[in-house]
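Participant: In this note's numbering, the protein residues as written are 39 to 260.
Questions regarding the structure given below will be posed in turn.
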């Protein structure tokens, strides 16, 4: 899904709107559909559409419910997405699609609009290639994981050789059935190789859980 911000040496702005959610972690190269209904975030979408079409996604920290309509705490590492599709509904709500671009770290927040904004520092692109054998090992674990869940692998998709290493890792980090906090730990990895290694560890742990008798995995966490 092509967009405006496709150049590897793109200069991203220092200030971006931030959309915090309790259950979403966006990764670069990942496409994320969102339904926007709160008035403050409708305004955010309108402003983004008039500007660079960028929205930063950040994960809310535990306890966010106590101050959701204020400024609940968020993880400072997130991913900015380009709004590549926008549909305004008759009642003023929006359906939008973001395409993840680059990880950022929040330096400080600004209090000048109804929605959240932040001054951010940008991560350098997580360049590959992955260490020899790591991608092959993750591919084998993903196939085994899908098999253990009793699902069909379908077409090759990112499991095939065509996808670059970053897309390969981010696709499975995004789609893996783990908690948002676990995905946040993957996002915060300082290098692509470290993100891939953490992904491998999560897959191995999930496979071990699937081998255990029913109920044993739940008891293990207590």
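Note that beta-carbon positions come from the ideal geometry of N, C-alpha and C, so glycine has one too.
Residues in its own chain within less than 7 Å of residue 126 by CB, not counting five upstream and five downstream?
Facilitator: For residue 126, where only same-chain residues beyond five positions count, the Cβ hits under 7 Å are 132.
Participant: Taking only runs of the alpha helix (DSSP H) that begin and end inside the segment 57-135, which ones reach a length of at least 4 residues, in chain order?
Facilitator: The qualifying runs are 77-88.
Participant: Within the chosen definition, does the segment 134-153 reach the segment 67-87 through at least 3 CB pairs nearer than 8 Å?
Facilitator: Yes, since at least three Cβ pairs between the segment 134-153 and the segment 67-87 fall closer than 8 Å, the two stretches touch.
Participant: Compute the beta-carbon to beta-carbon distance between residue 117 and residue 64, rounded to the nearest angstrom, for a pair I have assumed lies under 8 Å.
Facilitator: Contact flag correct, Cβ pair sits at about 4 Å.
Participant: For the alpha helix (DSSP H) holding residue 180, just list the boundary residues, first then last.
Facilitator: First-last of the alpha helix (DSSP H) with residue 180: 172-186.
Participant: Measuring only the C-alpha atoms, how far is residue 153 from residue 209?
Facilitator: Cα to Cα, the separation comes out at about 29 Å.
Participant: Rounded to a whole number of angstroms, what is the C-alpha to C-alpha distance between residue 249 and residue 232?
Facilitator: C-alpha separation (whole angstroms): 26 Å.
Participant: Would you report the Cα separation of residue 130 and residue 90, rounded to the nearest angstrom?
Facilitator: Straight-line Cα distance between these residues: approximately 21 Å.
Participant: Give every residue of the same chain whose Cβ lies closer than 8 Å to the Cβ of residue 245, excluding the five residues on either side of it in the sequence, and list them in chain order.
Facilitator: Closer than 8 Å at the Cβ level, and outside the excluded window around residue 245, lie 179, 182, 183, 186.
Participant: So, does the segment 147-162 touch the segment 215-225, judging by three or more C-beta pairs under 8 Å?
Facilitator: No, the segment 147-162 does not touch the segment 215-225.
Participant: Quick one: Cα of residue 112 to Cα of residue 162, how far?
Facilitator: Answer to the nearest angstrom: the Cα atoms are 22 Å apart.
Participant: Using CA atoms only, rank isn't needed, just tell me which of 61, 52, 68 is closest to residue 205.
Facilitator: With distances taken between Cα atoms, residue 205 lies closest to 68.
Participant: Across which residues does DSSP place residue 55 in a beta bridge pair?
Facilitator: Its beta-bridge partners are 155.
Participant: For residue 150, which of helix, strand or coil comes out of DSSP?
Facilitator: Coil at residue 150, not helix or strand.
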